[in-house]
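The listed protein sequences correspond, in order, to chains L and G. First residue of the first sequence? That's 0 in numbering that gives the first Met the number 0, and the numbers climb one at a time after it. First residue of the second sequence? That's 0 in numbering that gives the first Met the number 0, and the numbers climb one at a time after it.
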Amino acid sequence: MSQQEIMDSICQFIRRDQSSEEGFNDLALHLFAYQYKNNLPYQAYCLQQGRTPRTVKMWSQIPSVPINAFKEVILSSNNPKEAERIFMTSGTTQGIQGKHYHPALQVYDQSMTANFNRHFMKNSGKIRMGILFPTEEVMPNSSLAHYLALAVKEFGTEDSSYFISEGGLEIEKLIDGLEEAKRTGEPYALLGASYSFVHMLDELEKIGGVFSLPKGSRILDTGGFKNNSRRLEPDDFYNRLSDRLGVARKDCINMYGMTELSTQFYDQGNGEIPSVKSGPHWIRTRVINPLTGETVPKGEQGVLVHCDLANFNSVTTILTEDIGIEVEAGFLLKGRAQGAEAKGCSLALEEFIRAKKGTSL
Amino acid sequence: MKEVGGYLPPCLEGELEYKTLTFQRNQDTVEIQIPLLTREQMDALTDIVKRNSRFILKSFTVNEIVSIIDKAIAIFLDRSSKYRQKAEKLLPIITGYDEEIIRLGLTSYLKSFRKPQLQRFLVEDLGNPLLLDDFQPRPKGGFSKAMGPELVVHVWAGNVPALPIWSLISGLLIKAGNIGKVSSGEPLFAGLFAQLLMEIEPKLADCLAIVWWKGGDEERESCLLNKADIVVGYGSNTSLASLGSKIPLTTRFLPFGHKISFGIISKAGLDSRKAWQTAHSAALDVIRYDQQGCYSPHCFYVQRGGSVSPREFARYMAHELECFEKRYPRRGLSLEEKTANAAWRNKEELNIFSNSSKEVLGTTSNNWTVVYEEGSQEINPSCLNRVVKVIAIDQLEQVIDFIGPYRSLLQTVGIASTPKELFDISDLLGKAGVTRITGLGSMTSPEAGWHHDGRFNLLDLINMVDIECSAEEYAERFAPYVD
Chain L
0 MSQQEIMDSI CQFIRRDQSS EEGFNDLALH LFAYQYKNNL PYQAYCLQQG RTPRTVKMWS
60 QIPSVPINAF KEVILSSNNP KEAERIFMTS GTTQGIQGKH YHPALQVYDQ SMTANFNRHF
120 MKNSGKIRMG ILFPTEEVMP NSSLAHYLAL AVKEFGTEDS SYFISEGGLE IEKLIDGLEE
180 AKRTGEPYAL LGASYSFVHM LDELEKIGGV FSLPKGSRIL DTGGFKNNSR RLEPDDFYNR
240 LSDRLGVARK DCINMYGMTE LSTQFYDQGN GEIPSVKSGP HWIRTRVINP LTGETVPKGE
300 QGVLVHCDLA NFNSVTTILT EDIGIEVEAG FLLKGRAQGA EAKGCSLALE EFIRAKKGTS
360 L
Chain G
0 MKEVGGYLPP CLEGELEYKT LTFQRNQDTV EIQIPLLTRE QMDALTDIVK RNSRFILKSF
60 TVNEIVSIID KAIAIFLDRS SKYRQKAEKL LPIITGYDEE IIRLGLTSYL KSFRKPQLQR
120 FLVEDLGNPL LLDDFQPRPK GGFSKAMGPE LVVHVWAGNV PALPIWSLIS GLLIKAGNIG
180 KVSSGEPLFA GLFAQLLMEI EPKLADCLAI VWWKGGDEER ESCLLNKADI VVGYGSNTSL
240 ASLGSKIPLT TRFLPFGHKI SFGIISKAGL DSRKAWQTAH SAALDVIRYD QQGCYSPHCF
300 YVQRGGSVSP REFARYMAHE LECFEKRYPR RGLSLEEKTA NAAWRNKEEL NIFSNSSKEV
360 LGTTSNNWTV VYEEGSQEIN PSCLNRVVKV IAIDQLEQVI DFIGPYRSLL QTVGIASTPK
420 ELFDISDLLG KAGVTRITGL GSMTSPEAGW HHDGRFNLLD LINMVDIECS AEEYAERFAP
480 YVD
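Pasting the structure below:
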């Protein structure tokens with residue numbers, strides 16, 4: 000199959016309302032065969048694990064690639080130089096960024112809009128948006144910047160605006176925006192990185208700003224806090240958002256996504272913590288024991304593996320470092336499984352990396 | 000099962016609060032109840048220990064102390080004693096290590112604290128152990144005495160069983176009062192050992208304490224650290240840096256940071272008859288405490304040119320690790336450790352494409368991994384838990400280039416070579432920062448009297464007090480019988 004045929008069949012698949020296990024499996028195996036053939040580092044990796052298109056019969060058997068692999072090797076079925084866009088992960092301890100090559104954004108965009116329309120817009124047409132994140136022009140390699148730009152382009156009204164500039168959060172402009180929204184009485188949507196919301200809350204608390212956004216207004220935050228702001232407990236975070244902006248916690252949606260995927264997960268509001276995350280019919284998640292790759296019994300903690308059919312060019316199946324539990328309607332996120340310290344007195348990898356950079360010794 | 004951990008002097012008064020640390024392995028659970036002192040109790044405790052070290056512990060001769068420790072060790076070596084049985088029963092549940100590994104590890108470790116070994120230990124550092132009891136004449140004239148401080152505070156870390164008694168015994172030999180803080184990973188053994196010592200010599204009852212608090216509990220920490228004469232700390236460089244920042248400048252701080260160790264195998268150890276034994280010894284160093292010790296190997300540099308090639312040697316090791324897995328299974332890993340382990344292995348598997356000489360050996364259950372590599376390879380930490388690299392080299396000296404940048408992190412080298420190669424490479428290794436060179440298969444059992452991270456176990460804890468010649472001569476003038 001050519002790349003265009005692959006892309007067309009995925010777009011067609013996304014346009015359906017739902018998928019059967021069989022339909023999902025067929026397309027996943029097709030994609031696996033395509034990626035195995037065209038992505039040689041991945042082929043070598045699969046061979047090492049003894050899994051090839053001849054032996055893999057179920058989507059769940061497709062070898063998963065750890066997210067860190069995007070930093071190590073080029074995972075692209077197409078010539079990476081011909082990529083329309085490269086999304087990169089934010090900096091890490093090692094200062095190497097993972098790269099996700101997209102030969103064309105058609106599939107990514109369709110995956111994003113179909114899913115966003117259903118879970119955030121609830122098929123309600125357009126809404127005025129405020130964005131707490133830099134623009135796509137400022138951050139061309141950020142998948143989140145593209146995601147938000149797409150949200151504004153497809154679902155935002157013309158008077159939507161960005162509130163993050165090179166100088167950081169433009170709090171006065173934001174306050175004007177919030178007041179304007181209140182005055183018009185039209186629903187308003189504020190979207191952005193979770194840590195930007197923390198900066199916003201800090202600023203609003205400083206000046207005692209409290210708003211009551213019109214009915215139907217909603218919030219979308221994503222990405223957690225990382226090292227960009229102080230960490231807030233989720234309950235505290237959503238309580239403050241709700242108190243400051245007058246948006247009920249059930250209308251505060253958290254998006255879970257990653258640069259290495261082309262599809263996002265949403266919850267149905269954060270009235271209760273932890274919220275259940277779920278994805279559309281073209282992505283499936285397993286909760287596994289990372290050592291054996293086997294699915295853990297339902298209700299037990301494990302590490303999440305996502306099989307995303309919209310990832311047509313890199314690899315469909317990604318091994319995350321996110322700990323989760325499978326539940327009826329999706330999964331619960333329980334934090335990250337990273338930086339395992341040695342139990343004894345042997346040197347741990349992270350400490351070694353710090354030593355290498357000369358920061359700790 | 001419930002067990003009271005730690006040890007407190009009987010004369011410490013007041014109600015005690017206990018914190019329960021729960022451990023689980025397979026179907027067994029054990030709850031260790033460990034006293035959590037208030038600030039006032041901590042203050043009182045340091046006063047008690049200091050006072051009793053000054054008046055009681057220092058009245059013992061070093062030989063008497065050696066005998067008391069020897070008796071305690073004999074009981075711990077006796078598999079029918081209740082102390083030994085308790086340790087053998089509970090430590091596997093607490094640390095997760097296999098019962099046999101713990102049984103063998105305890106015996107080999109404790110043997111180094113019997114009387115002859117302790118005597119050697121003392122002579123090693125002091126030359127004349129009587130320096131600890133009385134002023135001893137010095138060849139240059141004058142007299143000297145080795146004085147232990149009133150209070151040594153030990154902050155232990157990690158889950159390697161019984162490791163804390165190393166510094167605790169050092170503290171006792173120099174007649175210091177000792178307060179040790181056990182780690183949450185292994186809070187049992189130090190307390191058991193202290194209880195037994197008191198049973199053997201009740202006069203020591205108020206001279207030491209084994210306590211616990213949650214790491215980072217500044218109130219309890221600072222209270223103790225401010226009153227210590229010496230603080231011995233174990234842990235990561237990050238936690239040691241934080242500990243060090245809380246210790247007054249005038250207090251001696253002896254930090255033992257996490258270290259990296261490795262093996263070197265010369266082609267002399269790789270003929271078709273000896274290679275199996277070499278691989279067996281190397282694998283043994285890997286499975287003991289699942290590489291969690293600072294002396295545990297992260298990788299093996301294997302020389303080409305023997306009748307067994309480095310690549311074949313990697314397969315030998317894989318075979319040995321698989322056999323050990325059946326007999327001494329790896330401890331259960333946390334989800335974080337499992338993730339780190341899988342990520343490490345996947346990363347190696349992905350690199351096969353760009354480095355076709357690489358080989359990743361392992362089973363689908365992922366209970367161990369051996370990675371074979373060629374070409375110039377700087378030392379890199381393994382994710383531990385039975386994961387090693389075998390790296391082919393042409394000349395043993397090449398290793399020096401690979402470890403160069405990490406001198407402050409190096410510790411043990413396990414070596415299989417000819418005697419000449421041993422001494423030639425040892426000099427280079429020492430210059431590169433390695434502090435211990437040992438036979439392959441002995442990496443996890445340092446000898447009595449070893450220099451931990453190149454330092455002196457006892458000398459670093461004492462102060463020498465000199466009576467100079469002039470004082471002696473001057474005093475003669477004032478003797479009542481002076482002519």
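The beta-carbon is built from N, C-alpha and C at its ideal position, and this holds for glycine as well.
Which listed residue (the options) has its alpha carbon closest to that of residue i
i                 : options                                    : result
aspartate 270(G)  : Arg113(G), Trp211(G), Ser381(G), Glu311(G) : Glu311(G)
leucine 39(L)     : Leu190(L), Trp281(L), Val72(L)             : Val72(L)
valine 29(G)      : Gly5(G), Cys298(G), Ile93(G)               : Ile93(G)
glycine 292(G)    : Leu196(G), Gly104(G), Ile168(G), Gly305(G) : Gly104(G)
glutamate 420(G)  : Pro404(G), Asn345(G), Gly438(G)            : Gly438(G)
threonine 316(L)  : His305(L), Gln300(L), Gly245(L), Thr54(L)  : His305(L)
lysine 174(G)     : Ile461(G), Ala478(G), Ala470(G), Ser469(G) : Ile461(G)
leucine 224(G)    : Leu187(G), Glu200(G), Lys180(G), Thr237(G) : Lys180(G)
alanine 145(G)    : Leu409(G), Ala156(G), Thr249(G), Leu129(G) : Leu129(G)
leucine 242(G)    : Phe261(G), Glu218(G), Gly262(G), Ile263(G) : Glu218(G)
glutamate 39(G)   : Cys222(G), His153(G), Tyr480(G), Asp426(G) : Cys222(G)
glutamate 220(G)  : Ser235(G), Met41(G), Arg344(G)             : Met41(G)
serine 385(G)     : Ser238(G), Asn379(G), Pro138(G), Pro328(G) : Correcting the residue type first, residue 385(G) is arginine in the shown sequence and not serine. Nearest C-alpha to arginine 385(G): Pro328(G).
isoleucine 168(G) : Ser107(G), Phe192(G), Pro148(G)            : Phe192(G)
Nearest-angstrom beta carbon gap, residue j and residue i [assumed within contact, 8 Å]
i                 : j                    : result
lysine 70(L)      : glutamine 96(L)      : 7 Å
glutamate 324(G)  : tryptophan 367(G)    : 6 Å
isoleucine 178(G) : leucine 131(G)       : Actually they are not in contact, since the Cβ atoms of isoleucine 178(G) and leucine 131(G) sit about 20 Å apart, beyond 8 Å.
serine 193(L)     : phenylalanine 154(L) : About 20 Å; that fails the 8 Å criterion.
glycine 403(G)    : alanine 447(G)       : That belief does not hold up - the Cβ atoms of glycine 403(G) and alanine 447(G) are roughly 32 Å apart, past 8 Å.
leucine 395(G)    : serine 416(G)        : 7 Å
proline 34(G)     : valine 151(G)        : Rounded, the Cβ-Cβ distance is 20 Å, inconsistent with contact.
leucine 231(L)    : proline 273(L)       : Their Cβ separation, rounded to whole angstroms, is 15 Å, which puts leucine 231(L) and proline 273(L) out of contact at 8 Å.
Within-9 Å CB hit, residue i to chain G
i                 : result
asparagine 310(L) : no
serine 359(L)     : Since pLDDT at serine 359(L) reaches only 35, below the 50 mark, its modelled position is unreliable, and no value is offered.
valine 72(L)      : yes
valine 326(L)     : no
glutamate 320(L)  : yes
asparagine 288(L) : yes
leucine 331(L)    : no
valine 302(L)     : yes
arginine 39(L)    : Looking at the sequence provided, one finds leucine at residue 39(L) rather than arginine. Answer yes: the Cβ-Cβ gap between leucine 39(L) and chain G drops below 9 Å somewhere.
glycine 292(L)    : yes
Residue i in three-state terms, based on DSSP
i                : result
glycine 141(G)   : coil
tyrosine 100(L)  : strand
serine 221(G)    : helix
glutamine 17(L)  : coil
arginine 230(L)  : coil
leucine 457(G)   : coil
aspartate 158(L) : coil
glutamine 34(L)  : helix
asparagine 78(L) : coil
valine 285(G)    : helix
Chain L contact for residue i (CB, 9 Å cutoff)
i                 : result
glutamine 26(G)   : no
asparagine 345(G) : yes
glycine 214(G)    : no
Chain-ordered neighbours of residue i on chain A, where CB pairs are closer than 7 Å
i               : result
tyrosine 233(G) : Looking for chain A here will not work: the only protein chains present are L and G.
Are three or more beta carbon pairs between the segment 147-161 of chain L and the segment 120-137 of chain L nearer than 8 Å? yes
Does the pairing of the segment 82-96 of chain G with the segment 9-19 of chain G give three or more beta-carbon distances under 8 Å? no
Can you find at least 3 beta carbon pairs, one from the segment 248-256 of chain G and one from the segment 363-383 of chain G, that sit closer than 8 Å? no
Three or more beta-carbon pairs under 8 Å between the segment 205-222 of chain L and the segment 244-255 of chain L, yes or no? yes
Pairing CB atoms from the segment 168-175 of chain L with CB atoms from the segment 116-123 of chain L, are three or more of them under 8 Å? no
Examine the Cβ distances between the segment 304-320 of chain G and the segment 259-277 of chain G and report whether three or more of them are shorter than 8 Å. yes
Three CB pairs or more closer than 8 Å across the segment 337-351 of chain G and the segment 285-303 of chain L: yes
At least three beta-carbon pairs within less than 8 Å, the segment 138-150 of chain L to the segment 189-209 of chain L: yes
Is there contact between the segment 5-15 of chain G and the segment 281-289 of chain G, where contact requires at least three CB pairs shorter than 8 Å? no
Looking at C-beta atoms only, is the number of pairs between the segment 153-160 of chain G and the segment 182-201 of chain G that lie closer than 8 Å three or more? yes
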